[in-house]
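Taken in order, these protein sequences are the chains called A and B.
Oh and the first sequence: position 169 is 169 in the working numbering, straight run, nothing missing.
Oh and the second sequence: position 21 is 1021 in the working numbering, straight run, nothing missing.
Each residue gets a CB set at the ideal place from its N, CA and C atoms; glycine is no exception.
Read the structure below first, then the notes.
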Amino acid sequence: MLTFPALGFGLGLRVPHYEAILATRPAVDWFEVLTENYLVPGGRPLHYLSRFRERYPLAMHGVSLSIGSSTPLSRDYLRDLRSLAQRIEPAWISDHLCWTGVAGRNTHDLLPLPYTEEALAQVVERVRTVQDFLGRRILLENVSSYVQFSDSRLTEWEFLAEIAARADCLILLDVNNVYVSAVNHGFDPLEYLHAIPVERVQQIHLAGHEDHGEYLVDTHDHPVPDPVWTLYAAALRRFGRVSTMIERDDHIPPLEELCAELAQARALCERTLAEPAPAGTDGSAGHDAPATAPHAFAAPRGSGRRAAGGGS
Amino acid sequence: MTTLARVQREFQDHLLRGDSAVLRRVIGTPAVPVAMRLGIYARAYRSRLVEALESNYPVLAKLLGEPDFEVLAVEYITAHDSPFYSIRYYGDQLAKFLSAREDYAAAPVLAELAQWEWSMTSVFDAADEAPLAPEALSGIAPARWAQLRFRWHPSVQRLTLWWNVPQLWQALGADGERPEMVLAAAPLDWLLWREGLTSYYRSLSKTEASALDAARSGWPFGELCTLLCEELGDSEAPAQAAALLRGWITAGLIVGTG
Chain A
1 MLTFPALGFG
11 LGLRVPHYEA
21 ILATRPAVDW
31 FEVLTENYLV
41 PGGRPLHYLS
51 RFRERYPLAM
61 HGVSLSIGSS
71 TPLSRDYLRD
81 LRSLAQRIEP
91 AWISDHLCWT
101 GVAGRNTHDL
111 LPLPYTEEAL
121 AQVVERVRTV
131 QDFLGRRILL
141 ENVSSYVQFS
151 DSRLTEWEFL
161 AEIAARADCL
171 ILLDVNNVYV
181 SAVNHGFDPL
191 EYLHAIPVER
201 VQQIHLAGHE
211 DHGEYLVDTH
221 DHPVPDPVWT
231 LYAAALRRFG
241 RVSTMIERDD
251 HIPPLEELCA
261 ELAQARALCE
271 RTLAEPAPAG
281 TDGSAGHDAP
291 ATAPHAFAAP
301 RGSGRRAAGG
311 GS
Chain B
1001 MTTLARVQRE
1011 FQDHLLRGDS
1021 AVLRRVIGTP
1031 AVPVAMRLGI
1041 YARAYRSRLV
1051 EALESNYPVL
1061 AKLLGEPDFE
1071 VLAVEYITAH
1081 DSPFYSIRYY
1091 GDQLAKFLSA
1101 REDYAAAPVL
1111 AELAQWEWSM
1121 TSVFDAADEA
1131 PLAPEALSGI
1141 APARWAQLRF
1151 RWHPSVQRLT
1161 LWWNVPQLWQ
1171 ALGADGERPE
1181 MVLAAAPLDW
1191 LLWREGLTSY
1201 YRSLSKTEAS
1211 ALDAARSGWP
1221 FGELCTLLCE
1231 ELGDSEAPAQ
1241 AAALLRGWIT
1251 AGLIVGTG
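See below:
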C-alpha cells in the first residue's frame, strides 16, 4: 500500500543549520522542508534547496493547502506547489488536515475542523482534486487542537482514517499532536493510534510542546518530552519502521543537539522493534521509553466519541 | 452556505475581529472553558502575524523598539487581514500604512525605512536570471543601436528617499550605533539589485536615475542618448551613455536586449 519508500530518520531543514549541514554532512537520512519557504521566485532559498537536494532526500511539508476550507482550493498555490515538486522531486508531499482561512483570508494557522459527514465529504473531494492535480498521493497530518465543535459526530481518529480510506491518501502521524490533543480534549492517545490504519502511515513527526497546566500548546520549541517518546514507542510497535523526523520551529538549538535527539529516536526504534510485542496490545506500558511524565497516558478524561463533554 | 462554511466564517471572524458567534459551537470543560480555548487561537493568530512583520521589517522593529513595534504591528494587523497563501508576503502595505496614519506620518523616516526593507526582501528572493555578458553587445550591428532596448534583472528596484535610510538600515542591521536621522535637502535616488546571491545597493546621480528609469520603462538606447544630450550637452552625452551602459552591464542589471 505504501507508495513511497521509507527514508529512515530525518530532521526539519531550518535556515540556521544550512551552513553546518553543508560543512559537516551530518548522518541525517533525509530532511523535511517547509514548502512555503521555497515558494519564492528565486535567490538564496532556492539555491540552497538545490544544494541540499543534491545531498539528501527531501520531503515537502506545506502549511497552506487548507484542505479543509469551505472556499475553493487556491489554484495559484497548487500550481506553485506542483512546480516546486517538479523542481526538487521530493520523496513525498504533505500538508495538514485542517483549514487556514475562508473568504480570501488566511489566518496562517492550522485550524481544526468539525468532524461531520459534511466536512468529511468535502475534504475527501478536495484531496482527490489535489492528488489528481499533483499526479501523486499526498500525506495529511493530524494537527494539535484546542477546541472541539459541538457539531462533531465522529472522533478525530475516525475522521482521519475515513478520509485516508475514501480519498486514498496517506497519513503523516504527528505523535506530539496526538498527545497534545489527547490532553486538551481528554481522550486516550492509544485509542487514537489503534484506530489509524497501519498501511496508511507514511511518516511520523516528533516534536515538543508547552505545558500550560490545564492544557498543552503545540509550540515546536522544546525537545521531545518523555510522554511523546512513550507514545512514539507505542506508534513504532503498531506502525513499524516508519520514516520519522523531529520538528523544531522555534528556539532552534545547534544542529548537533537535534542530531543527538534524532539518535535517541533511532535508538528507541531499534530497542522497541527488537522487543517481543506485549501480549494482546501494541503497547500501553511504555516501559521502553524514558520516565513517564505526570499526565502521560492518564486515564481518558472524556469518552472516545466526542470527548471533553460539557457544553459551552 | 453549508454548515461547515458557517462554522469557519464564524471561527475566522472571532480570530480576526473578536466576533462571538462561534462560541456556541465550541465545547469547553470546567478546567479549560470555551473562551480560554478560543483565546489560544486568537493569541496565536496575532503573534504569528506580529512575528511575520518583525521578520520582514527587522530594522524598523529595532528602531521603534519592541513595545512600539508591537503596537504598530497590532494596528496594522487590525487594518490588514492576510490575503496571501504564504506569510512571506504579509506586510506589503506597511509603508503605505505608515504614510497614511497621521501619528506615524509625523516621522516620515519610518515609512521610508519600511519601503527600503520591503524592497530589500524583494531583491533577496527575486527570480534568478543570467546577466548579459559584456561581449554580447559587441556583436550588435551599429544600425540597431538606436532601437536597442534592454531587459532588466527581476531583482532591480528603484527608490527615491529623503532620509538617510540606507545608512540607518546598515548600522542598525549590524547592531551598530544608531546614526542620526538626517533629512536631505533634496531626495536621493537609490538602486537596489542582486547579482548572483548577493544583494547590492548604491545611490544614483540625477542623470543616471533618469536614464535608468527611462531605460527600464522601455526607451530605446537612441532616445536615452537624446535624453542625456538634453541634460549634459552633445559633447559629454555619448561618453556618458557608454559609461552608464557599461556600468549596468558590469553590475549584472541587464539580462537581455530586444
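Going by DSSP, Gly1256 of chain B is part of the beta strand (DSSP E) stretching over 1254 to 1257. Here DSSP, grouped into helix, strand and coil, assigns Ala1031 of chain B to coil. A Cβ-Cβ separation of about 5 Å places Leu1004 of chain B in contact with Ala119 of chain A under the 8 Å criterion. About 7 Å separates the beta carbon of Gln203 of chain A from that of Ser94 of chain A, a gap short enough to meet the 8 Å contact definition.
Residue range 58 to 61 is occupied by the beta strand (DSSP E) that includes Met60 of chain A. Looking at B:Pro1238, B:Leu1110, B:Gln1240, B:Leu1132, the one whose alpha-carbon comes closest to that of Gly1065 of chain B is B:Leu1110. Setting aside the 5 residues that flank it on each side, Tyr38 of chain A is surrounded in the same chain by Pro45, Leu46, Leu49, Leu84, each with a C-beta closer than 7 Å to its C-beta; the list follows chain order.
Gly1247 of chain B and Gly1218 of chain B have their alpha carbons spaced roughly 18 Å apart. Secondary structure of Asp1081 of chain B (DSSP, three-state): coil. Per DSSP, the continuous beta strand (DSSP E) segment holding Asp1189 of chain B begins and ends at 1183 to 1195. The three-state reading of DSSP puts Glu199 of chain A in helix, counting H, G and I together. Flagged as an interface residue toward chain B: Gly42 of chain A, by a C-beta distance shorter than 7 Å.
At a Cβ-Cβ threshold of 7 Å, Gly208 of chain A and Pro225 of chain A count as neighbours. Look at Asn177 of chain A: its C-beta is not under 7 Å from any C-beta on chain B. Against chain B, a Cβ distance below 9 Å from Asn106 of chain A picks out Asp1081, Ser1082, Pro1083, Phe1084, Tyr1085, Ser1086, Ile1087, Tyr1090.
For a Cβ distance threshold of 7 Å, nothing in chain A lies close to Tyr1076 of chain B: the least Cβ distance comes to about 14 Å. When C-beta atoms of the stretch 138 to 156 of chain A are compared with those of the stretch 1081 to 1091 of chain B, fewer than three pairs fall below 8 Å, so the two segments do not count as touching.
For Ser1055 of chain B, DSSP records no beta bridge to any residue. Residues of the stretch 82 to 99 of chain A with a Cβ closer than 9 Å to any Cβ of chain B, in chain order: Trp99. Taking a C-beta cut-off of 8 Å against chain A, the contacting residues of the stretch 1037 to 1054 of chain B are Arg1037, Leu1038, Ile1040, Tyr1041, Ala1044, Tyr1045, Arg1048, Leu1049, Ala1052, listed in chain order. In the displayed model, Val242 of chain A falls within coil according to three-state DSSP, outside both helix and strand.
Ranked by Cα distance from Glu117 of chain A, the first of A:Ser66, A:Ala91, A:Glu158 is A:Glu158. Of all residues in the stretch 109 to 123 of chain A, only Asp109, Leu111, Leu113, Pro114, Thr116, Glu118, Ala119, Gln122 place a beta-carbon less than 8 Å from a beta-carbon of chain B. Contacts with chain A at 7 Å (Cβ-Cβ) include Val1026 of chain B. Within the DSSP secondary-structure output, Arg1216 of chain B pairs in no beta bridge. One alpha carbon belongs to Ser152 of chain A, the other to Glu1129 of chain B, and they sit about 51 Å apart.
The straight-line gap separating the alpha-carbon atoms of Glu1102 of chain B and Val15 of chain A is approximately 38 Å. For the C-beta of Asp151 of chain A, the chain B residues within less than 7 Å are, from N- to C-terminus, Thr1003, Val1007, Arg1025.
DSSP lists no beta-bridge partner residue for Gly43 of chain A. When C-beta distances to chain A are compared with 7 Å, the residues of the stretch 1113 to 1133 of chain B below that value are Phe1124, Asp1125, Ala1126, Ala1127, Asp1128, in chain order. Interface flag for Glu36 of chain A against chain B is set, since a Cβ pair is found closer than 7 Å. Annotation: Gly1222 of chain B is outside any beta strand (DSSP E); the continuous alpha helix (DSSP H) that includes it extends over 1221 to 1232. At a cut-off of 7 Å between beta-carbon atoms, Ser74 of chain A makes contact with chain B. Restricting attention to beta strand (DSSP E) runs no shorter than 3 residues, the stretch 157 to 201 of chain A encloses them at 170 to 174, ordered along the chain. Using a CB distance below 7 Å, the part of the stretch 204 to 232 of chain A facing chain B consists of Glu214, Tyr215, Val217, ordered along the chain.
Contact annotation for Gly12 of chain A against chain B: no contact, minimum CB-CB distance about 17 Å [criterion: below 9 Å].
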